[in-house]
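In what follows, a single structure is set out as structure tokens and then discussed.
Protein chains in written order, with this note's numbering: chain D, 322 to 690; chain S, 322 to 690.
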């Protein structure tokens with residue numbers, strides 16, 4: 322928060338206003354799965370000096386009181402007439418007066434408030450609502466040692482689950498059963514919950530990487546991919562593994578080797594000062610000979626309190642890596658027309674290079690019986 | 322969609338613009354857990370006549386092509402300069418011209434687009450962006466038989482898991498272990514995934530209902546509560562169960578009986594034409610003698626594609642129940658200062674009354690050994 326307040330002075334902001342789960346948790350430690358319910362807005366106001374003020378539904382007061390936040394202002398929500406609008410604008414007017422109030426406005430952000438209420442808040446607030454100039458995103462991009470430790474634990478948990486995939490998947494297992502059983506393995510290994518699981522299976526690869534599971538049984542020659550974002554203490558891992566069912570074709574074996582090769586190339590140059598675009602090109606050279614990527618749109622991204630956050634490994638993102646950044650390397654290859662294989666590992670940028678947080682997959686495609 | 326287009330004509334809308342998971346899935350069937358990633362915006366445009374147009378990142382094209390949507394326009398996202406802004410505004414300008422474009426703007430809605438891009442879209446769009454007049458929310462509130470069947474299946478799954486709680490929780494089990502084991506039971510019973518689990522445990526009840534689990538072992542005399550939103554084929558259940566550990570105090574037994582009594586009172590009057598407020602008062606009479614509720618803010622809510630959606634059982638919500646509405650009844654009682662017990666069941670409104678979708682809990686508090 323001290324770093325945020327320093328930046329707020331640089332940009333002339335009298336307050337920051339935050340409305341989403343990750344942003345509010347970043348500054349408060351307020352961790353709950355209750356955000357799954359869209360019915361109530363939540364607000365955190367960070368003044369240019371002094372401590373943050375939580376303006377929240379009364380259902381959250383007891384949990385917020387367990388954090389370091391002392392000034393907790395509540396209303397009984399949902400309220401059909403005034404769902405926090407007056408309480409928030411009164412707070413903003415007292416804190417910021419006619420000054421500028423910054424809200425996260427760049428990529429990946431949104432205002433978690435109904436548009437009708439957002440207009441009411443804007444009208445009732447004396448100050449002007451402007452961009453936070455990326456302050457929140459910039460702070461979140463560089464992880465503290467405590468944050469890195471949590472992500473590393475999530476990676477270890479998922480690594481343990483991937484090691485047990487031979488116990489749950491093989492010839493004839495329906496993909497939907499694999500998905501359920503893999504989520505159970507993640508919980509068994511210590512995940513608090515499993516917000517994300519995707520995957521696919523088919524000969525020489527899969528048609529896309531975001532579909533839910535079908536009931537189709539795994540067949541001889543299929544490549545099975547599982548990609549998970551499991552959470553430990555509020556922090557995500559995000560990596561995948563490929564497996565061949567009974568038989569691994571030369572195409573699939575070669576693709577796996579090339580995916581791992583591209584990971585090596587990126588890891589070789591991942592250090593402070595390297596840009597997101599440079600990581601993209603290091604991988605894309607191996608994957609397509611430099612053709613410029615695929616439909617996935619990027620070859621990796623930042624990672625932390627959210628499954629994906631921060632930079633994108635694309636030609637147009639020139640963000641420089643800094644020590645403490647945690648990112649994914651996520652190369653993909655088209656194996657046959659309409660089918661692909663993707664691979665993903667998680668790394669943290671250190672003072673001199675990078676360190677793998679996920680237990681690395683080998684260049685040999687693992688075969689399940 | 323036909324019903325939406327009829328309402329659009331009533332309200333003079335040339336198009337609907339949708340940006341969130343549930344809204345887009347409602348009209349398309351596009352089901353993926355990839356929404357967990359905040360990095361890419363997604364759009365659906367529904368013209369006043371004709372079929373919907375998906376304006377989406379290319380990573381989603383293959384999955385969207387499996388739905389009934391034929392007009393799928395993609396861009397390579399994330400894009401640092403133009404992240405779908407031009408493609409969307411071009412589409413809106415072609416579809417709506419200078420007409421009105423409705424977006425969901427009421428309770429529980431938000432615009433899932435970064436503010437900076439939202440302003441660019443507004444500037445590049447010839448038509449005016451206005452409220453959808455609640456069309457989307459109104460349609461979603463009344464479930465089709467197919468939707469009710471999916472919610473009923475989710476309820477059956479969770480009921481099966483609750484019946485097995487004696488196998489996983491008892492004296493000395495850490496609450497965090499109960500949470501992990503219960504999620505495994507839900508998957509084992511057939512849940513696709515478990516987006517929501519909350520709960521608590523303590524003597525005579527718990528301090529709040531949204532906290533994550535602590536490591537504290539269950540103790541003699543504790544009341545354990547587990548509240549889950551498990552998903553089957555994209556639809557939620559949302560109900561809870563209470564258990565006493567070894568010993569159930571008179572206070573806890575009486576609270577359980579009173580909670581069930583309040584459910585009975587609400588179910589007795591739940592039928593088409595009854596209002597959300599009337600259900601609230603029927604329960605609140607039993608719970609507080611008519612004092613008007615608690616910090617939770619409401620005694621139930623709508624349910625469906627989201628954990629909570631639609632009406633709220635509060636004094637100020639005069640929405641009339643209609644056949645096909647699925648709601649929760651969620652009474653709570655303060656058992657001792659700062660501690661409470663809550664209970665929840667799921668019902669569907671029928672032509673003549675209501676039907677329980679969750680397997681009802683009894684008035685006797687179940688005791689675990």
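Every residue, glycine too, gets a C-beta built ideally from N, C-alpha and C.
Asked: Residues that residue 622(D) contacts on chain S, provided the C-beta gap is smaller than 9 Å; Found: 358, 360 and 399
Asked: Paired residues, beta bridge with residue 677(S) - DSSP; Found: 668(S)
Asked: Where residue 613(D) falls, given that 16 or more other Cβ within 10 Å makes a residue buried; Found: exposed
Asked: Cβ pair count under 8 Å reaching 3, the segment 526 to 538 of chain D against the segment 649 to 668 of chain D; Found: yes
Asked: Chain S contacts made by the segment 451 to 466 of chain D, where a contact means CB separation under 8 Å; Found: 452
Asked: Opening and closing residue of the beta strand (DSSP E) in which residue 414(D) lies; Found: Not the beta strand (DSSP E): residue 414(D) falls in the alpha helix (DSSP H), residues 406 to 417.
Asked: Near-chain S residues of the segment 404 to 418 of chain D (beta-carbon distance less than 8 Å), N- to C-terminal order; Found: 404
Asked: Length at least 3, wholly inside the segment 459 to 542 of chain S: the beta strand (DSSP E) runs in chain order; Found: 514 to 524
Asked: Buried versus exposed call for residue 402(D) [16 or more other C-beta atoms within 10 Å across all chains shown]; Found: exposed
Asked: Neighbour-count burial assignment, residue 448(D), 16 or more Cβ in a 10 Å radius; Found: buried
Asked: Exposure of residue 639(S), with buried meaning 16 or more beta-carbon neighbours within 10 Å; Found: exposed
Asked: Cβ-Cβ distance between residue 504(D) and residue 486(D) below 8 Å; Found: no
Asked: Any chain D beta carbon closer than 8 Å to residue 505(S); Found: yes
Asked: Residue 380(D) - DSSP class collapsed to helix/strand/coil; Found: helix
Asked: Min CB distance residue 355(S) to chain D below 8 Å; Found: yes
Asked: Closer than 8 Å to chain S by CB, residue 514(D); Found: yes
Asked: Beta-carbon contacts of residue 409(D) that lie in its chain and below 7 Å, excluding the five residues immediately before and after; Found: 364, 376 and 442
Asked: Which of helix, strand or coil DSSP assigns to residue 357(S); Found: helix
Asked: Near-chain D residues of the segment 420 to 437 of chain S - C-beta to any C-beta below 7 Å; Found: 424, 426, 427, 428, 429, 430, 431, 432, 433, 434, 435, 436 and 437
Asked: Own chain residues within Cβ distance below 6 Å of residue 674(D), not counting five before or after; Found: 592
Asked: Contact residues within the segment 516 to 533 of chain S, judged by C-beta distance below 8 Å to chain D; Found: 516, 517, 518, 519, 528, 529, 530, 531, 532 and 533
Asked: CB contact below 8 Å: residue 508(S) versus chain D; Found: yes
Asked: Straight-line Cα distance separating residue 627(D) from residue 562(S); Found: 30 Å
Asked: CB contact below 8 Å: residue 390(S) versus chain D; Found: no
Asked: C-alpha gap between residue 642(S) and residue 670(S), whole angstroms; Found: 7 Å
Asked: Opening and closing residue of the beta strand (DSSP E) in which residue 449(S) lies; Found: 449 to 452
Asked: Pairwise C-alpha distance: residue 446(S) and residue 518(S); Found: 41 Å
Asked: Beta carbon of residue 359(D) nearer than 8 Å to that of residue 367(D); Found: no
Asked: The segment 587 to 602 of chain D contacting the segment 567 to 578 of chain D, beta-carbon criterion three pairs below 8 Å; Found: no
Asked: Between the CA atoms of residue 497(S) and residue 540(D) - distance to the nearest angstrom; Found: 37 Å
Asked: For residue 455(S), the nearest candidate out of 469(D), 436(D) and 440(D) (CA to CA); Found: 436(D)
Asked: Proximity of residue 322(D) and residue 423(D) at Cβ, strictly below 8 Å; Found: no
Asked: Pairwise C-alpha distance: residue 352(S) and residue 509(D); Found: 27 Å
Asked: Backbone secondary structure at residue 557(S) - three-state DSSP; Found: strand
Asked: Backbone secondary structure at residue 582(S) - three-state DSSP; Found: helix
Asked: Residue 382(S) to residue 356(S) span [Cα, whole Å]; Found: 14 Å
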